[in-house]
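Chemist: From first to last, the protein sequence lines stand for chains F and S. Our numbering numbers the first residue of the first sequence as 203 and each following residue consecutively. Our numbering numbers the first residue of the second sequence as 8 and each following residue consecutively. For each residue, glycine too, the CB sits at the ideal point set by N, CA and C.
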Amino acid sequence: MSKTIYGFVFRYSARQQVLLLLVTLAAFPFLYLSLELPKTIINRAINGQDFPAELLGMEFDQIPYLVLLCGIFLLLVLINGAFKFTINVWKGRLGERMLRRLRYELYSRVLRFPLPHFKRVSQGEIIPMITSEVEPLGGFIGDAVAQPVFQGGQLLTIFAFILVQDPFLGLAAISLYPLQGYLIPKLQRRVNDLAKQRVRTVRRLSDRLGESISGIAEIRAHDASNFHRAGFADLLGRIYEIRFEIYQRKFFIKFLNNFLAQLTPFFFYLIGGYLVIRGDLSFGALVAVLAAYKDMSAPWKELLLFYQQKEDARIKYEQVIEQFEPPGLLDERLQLEEPEAVTPFDPSGEVSFVNVSYVEDGATLLEGVSFTFGLSERVAIVGPGGGGKEAVAMILARLLQPTSGRVMVAGEDLFQLPEAVTGRRMAYVGQGAQLFAASIRDNILLGLKHRPLRPPADERGERAARAAEAALAGNTADDILADWVDYAAAGVEDSQGMSRRLVELLHAFDLDREVYELGLRGVIDPAANPALAERLLQARCELRERLSHPDMAGLVEPFDAERYNENATLAENLLFGSPVGPEFEIDNLAGSDYVRAVLEKVGIRERLLEAGREIAEVMVELFGDLDPDQEIFERYSFVGAEDLSELQAILARLNRLSIAELEEHERARLLALPFKMIPARHRLGVIDDALKERILEARRVFAADLPPHLRGSIEFFDAGRYSAAASIQDNILFGKVVHGTAQGPARVGELIAEVVDALGLREDIIVVGLDSNAGIGGGRLSAGQRQKIALVRCVLKRPDIMIVDQATATLDNGARNRILDSLFAETEGRCLVWVLDQPSQAQRFDRVLVMQDGRLVEQGTYAELEQAGAALRGLVAAE
Amino acid sequence: MSLNEEVEVLRKIPLFSRIEPSKLKLLAFTSERVIFKRGDVLFRQGDMGDAAYILIEGDAEVLVNSSRGEIRVARLGANDIVGEIAILVDIPRTATVRAETDLVTLRISKELFFRLITEFPQIAVEIMRELAHRLEATTEQLRIAMTERG
């Protein structure tokens, strides 16, 4: 990576910069002509006398001559504009490409950082470097060469002009430039230092911000927010001081520049005037020189400005780059190069640590560790926390690089193997495995996505164009939309085979029930999957059948087009369908013009407003004097805390006015309330039987009158059709669980599970569940679920060496043992290395390594060590 | 049965008798009405308590496990409250409660119960008073028992 910004610019854009410069210079004559032409128009065409004038060998009268010159002028304006446009577009494109290249390179380096480096630099520092700090560099890079040459050229031309008029005055005009050239960089240097400080302080600020976000629970739990506020304010204060000083200095430089620029005319007037009076210089020449000097100051100013920008960009670039060159950066080739073929490790080979030591931040974590085990053995590593067992696992997974010593795997140096081998033939899972904000399926398949294998469908060649553009900026041409999944590595044929294999693994790792639950809440598109939709409809019928059994009677109230559902909201009863999109969402119903028209046609709008008023009164009575921060509000009230005061105001107005006299938005507020009512749950008694009848009437009108443009906004309940808008569970249920039956939801859940199993649907629902999003950092799943998914991710790719670093420590004992069994079964005949947090589990392994104080203190079979070794016995006894 | 009728039931329960009607309405609104069929179990001895139940309609029996099997120790009817001890202190249920007839109850979850107490100290005072009464009664029984034995 180039050390300086100009190094970077020339290395990757020398040709474009030269091209840009040439075009800039080519624009010069036209610019000059367009400045020259107006003079000709005024002097010769308008004020001229001797016509016909001659141009390009043709003769013209005054008026045609004027028209011709003005035509040329217009043409020049267009040409100049076209040049400017082209140059700016080129500059912009060049800058953007270079910025893209820089960001890509930086990100690529982050991916190669040695892991311990992330203990020293935080996300909060790295992220703004790549996102915001380098942003202005793109703009600068477009100007990097053309701007100084262009402005400098202008300056020289004008200077030459003055010099020809009068050498003495010419020299006088630039007499102060050396002083400026000396003073300004000197002053600028201090500004540069401050700019560096500013960059560093802003990084600390974002670091602090990130820390506060990830530590928010601690801050709140310890009432430490004010301490953090003070820390943040302190940093802001530091930034303020730095920035203010930069302003002062910058403006002082500006002031000095202006002063020096005005000092020169002072000499011109004085010396030039003296010379004119003495008769040594013509008056015309002095005026010309003064005008030329004025022209000179513009490019000079631009040059100085450019100098400041250049310094700014230089500092930014250098400050960023130095953060991305930590010692121990992984060799680029090991990550990027794809070997001809990735062959499995020979199972009769060995893994050996030869005198491996590892030192981190001055602390010796491993010292002279040597051992050998076979590639078909199961090895347990035990020892006290921090005794070195974790470091051994991470070095074996090639996540840490030993300070000295060698690690050999099947006869090859582990640290010379490309990641294509280590990342495919080996697997590692630690204690806090990371999930990404993608579906569970994608999270598991991550371990199989090494290279794009099958290109995406691309009819219009857009992907190819994008790849070509990416290559111009030095980015990868690999297409993210391609199919990256290496099915063969998982031993399956295609995506269906993969689904079956995943279901199998979820079962083996105790995740099937949880993913099934997620699947029940998931949606499917019946058009894309008609067979499954059909079977889910069967499940609906089957459930109905079972619900008719006397023991189950009254558990579920099915949807019935002719009846009001006591356990559904009024909105659901009115729509008799699931909203698709925002139009008929329950919170938007009161504002929907169509809903209003339906209610008016049936004549129940006033009645519902009255119901809204009654509900508002109850809400104010119940919740009016509660502390609005109370959670009770959120959970039980129909309205939010802020809305309650609004309702209070509306009720107060209703003391004087009738509902009809209220403002439209107030009426909408009242109308929104009854839509959420569930008679069986809320028991407010505001919806009587007569009203229910009218709602049923409104339901019919709603469906009959629905205009074509709203047809897509709702999917009606239909006993014979699968609804794409509702979850699988709701589709099977096709009704509402009756409120207030003891254990109702649990019993219905069991019943659904029975039906699902009877129809053999469980596997399909689990597959749907795999598409649920894991949330940011896997946040929608529990820590235990995340660990299990990470284990499945490893097992799926069938590694030759599977390394498990206390990955099941957060699970309960039952789950741990089941997972141990599953992992043993899945890695049969291959190498399994497990860092155990419970030493007694080592019994089941072929070999046990005991690590203490960074040394290997014992090794052998469990039986051997139990007899002869003191260390293992001690550990087991202490468990 | 509507909310107002439930409030009437709550008022008849000594624990709530001195609490203003509007707060009782809040309690009724926020608690869940749960219906049990004859023979259904409200909760079992040994389970952790998560809710108290107020009987609105129907009867229930209180059963305790012993060496001779389940023994019925009490009967409950409308306006009785049951299970409030286990949600006040984190102890397992001391008895099993089973519906003797079809039963309509109001279920007050532990969470809601504590929230109401923090929000309305007067409920807490009433509960203290009620518990003090019970303690007094128990002590009295103990005293009588001791006297009889001695």
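What residues of chain F sit near ILE42(S), judged by a beta carbon separation below 8 Å?
Modeler: Chain F residues near ILE42(S): GLY942, THR943 and ALA944.
Chemist: How about PRO876(F) and LEU772(F): do their beta carbons lie closer than 8 Å?
Modeler: Yes, these two residues count as a Cβ contact at 8 Å.
Chemist: Hey, which unbroken runs of the alpha helix (DSSP H) at 4 residues or more fall wholly within the segment 296-382 of chain F?
Modeler: As far as the segment 296-382 of chain F is concerned, its whole alpha helix (DSSP H) runs of at least 4 residues are 319-322, 325-330, 337-345, 348-367 and 369-375.
Chemist: Which bits of chain F does ASP47(S) rub up against, with CB to CB less than 7 Å?
Modeler: Per Cβ cutoff of 7 Å: ALA944.
Chemist: Secondary structure at GLN1061(F), three-state DSSP: helix, strand or coil?
Modeler: Note: GLN1061(F) maps to strand in three-state DSSP.
Chemist: I want to know whether the segment 315-335 of chain F touches the segment 249-256 of chain F - three or more CB-CB distances under 8 Å.
Modeler: Segments in contact, no.
Chemist: Below 8 Å CB to CB, which residues in the same chain sit around LEU650(F) once its five sequence neighbours on both sides are set aside?
Modeler: Excluding residues within five positions, the ones whose Cβ falls inside 8 Å are TRP686, VAL687, ASP688, TYR689, ALA691, ALA692, LEU998 and LYS999.
Chemist: Should GLU335(F) go down as buried or exposed, given a rule of 16 or more other Cβ atoms within 10 Å for buried?
Modeler: GLU335(F) is buried by the Cβ-count criterion.
Chemist: Rounded C-beta distance between VAL323(F) and LEU1051(F)? I'm assuming under 8 Å.
Modeler: Not quite, the Cβ-Cβ distance comes to about 33 Å (not below 8 Å), so this is no contact.
Chemist: To the nearest angstrom, how far is it from the Cα of VAL758(F) to the Cα of THR145(S)?
Modeler: One C-alpha to the other measures close to 45 Å.
Chemist: To which residues of the same chain is ARG51(S) closer than 7 Å at the C-beta, ignoring the five residues directly before and after it?
Modeler: Answer for ARG51(S): ARG100 and THR103, listed in chain order.
Chemist: At which residues does the alpha helix (DSSP H) containing ILE207(F) begin and terminate?
Modeler: That run of the alpha helix (DSSP H) goes 207-242.
Chemist: Do LYS456(F) and VAL393(F) count as a contact pair if the criterion is CB distance below 8 Å?
Modeler: Contact flag unset, no.
Chemist: Just how far apart, CA to CA, sit VAL132(S) and THR125(S)?
Modeler: Answer to the nearest angstrom: the Cα atoms are 11 Å apart.
Chemist: Give the DSSP bridge partners of PRO760(F), in chain order.
Modeler: Bridge partners of PRO760(F): GLY937(F).
Chemist: Under DSSP, the beta strand (DSSP E) around ALA106(S) begins and ends at which residues?
Modeler: Residues 103-106.
Chemist: In the DSSP output, what is ASN72(S) paired with across the bridge?
Modeler: In DSSP, ASN72(S) forms a bridge with GLU77(S).
Chemist: Considering only the alpha carbon of each residue, which of LEU655(F), TYR766(F) and LEU776(F) lies closest to ILE682(F)?
Modeler: The residue with the shortest Cα to Cα distance from ILE682(F) is LEU655(F).
Chemist: What residues in the segment 860-887 of chain F bring their beta carbon closer than 9 Å to a beta carbon of chain S?
Modeler: Residues passing the 9 Å Cβ filter: ALA882, ARG883, HIS884, ARG885, LEU886 and GLY887.
Chemist: Quick one: grab the DSSP three-state call for TYR60(S).
Modeler: If DSSP states are grouped into helix, strand and coil, TYR60(S) belongs with the strands.
Chemist: Listing by chain order, which chain F residues have their CB less than 8 Å from the CB of SER9(S)?
Modeler: Those within 8 Å of SER9(S) in chain F are ARG885, LEU886 and GLY887.
Chemist: Using 8 Å as the threshold, is the C-beta distance between PHE575(F) and GLU552(F) below it?
Modeler: Going by C-beta atoms, PHE575(F) is nearer than 8 Å to GLU552(F).
Chemist: Using three-state DSSP, classify VAL841(F) as helix, strand or coil.
Modeler: Looking at VAL841(F) - three-state DSSP - the assignment turns out to be coil, as it is neither helix nor strand.
Chemist: Give the range of the alpha helix (DSSP H) segment to which ASN460(F) is assigned.
Modeler: Start and end: 427-469.
Chemist: For ARG600(F), name the three-state secondary structure that DSSP assigns.
Modeler: The answer is coil: DSSP assigns ARG600(F) none of H, G, I, E or B.
Chemist: Is GLU39(S) close to chain F? Criterion is C-beta to C-beta, closer than 8 Å.
Modeler: For GLU39(S), the answer is yes, since a Cβ of chain F falls inside 8 Å of its Cβ.
Chemist: Please check the pair LEU271(F) and THR226(F), which I expect to be a contact at CB under 8 Å, by giving their CB distance rounded to whole angstroms.
Modeler: At roughly 27 Å, the Cβ-Cβ gap does not stay under 8 Å, so LEU271(F) and THR226(F) are not in contact.
Chemist: Taking the alpha-carbon positions, what's the GLY588(F) to ASP563(F) distance?
Modeler: Those two C-alpha atoms are separated by around 15 Å.
Chemist: Write down every uninterrupted run of the alpha helix (DSSP H) in the segment 767-804 of chain F whose length is 4 residues or greater and which is fully enclosed by it, in chain order.
Modeler: You should have 772-777 and 795-804.
Chemist: Taking 6 Å as the limit between beta carbons, can you name the residues of its chain near PHE275(F), skipping five residues before and five after?
Modeler: Hits under 6 Å: LEU239.
Chemist: Considering only residues of the segment 520-582 of chain F, which uninterrupted alpha helix (DSSP H) runs meet the minimum length of 4 residues and lie entirely inside it, listed in chain order?
Modeler: Taking only runs of at least 4 residues, the alpha helix (DSSP H) segments lying wholly in the segment 520-582 of chain F are 534-538.
Chemist: Would you mind stating whether LEU859(F) and LEU10(S) have Cβ atoms separated by less than 8 Å?
Modeler: Not closer than 8 Å, so no.
Chemist: Exposed or buried, GLN251(F), counting other C-beta atoms within 10 Å across all chains shown (16 or more means buried)?
Modeler: Label assigned to GLN251(F): exposed.
Chemist: So, helix, strand or coil for LEU738(F), using DSSP?
Modeler: Three-state result, LEU738(F): helix.
Chemist: Could you tell me whether the segment 806-822 of chain F touches the segment 18-30 of chain S, where touching means 3 or more Cβ pairs closer than 8 Å?
Modeler: Cβ pair count under 8 Å is below three, so no.
Chemist: Can you tell me where the alpha helix (DSSP H) holding HIS652(F) begins and where it ends?
Modeler: It is not in any alpha helix (DSSP H) - HIS652(F) instead sits in the beta strand (DSSP E) that spans 651-656.
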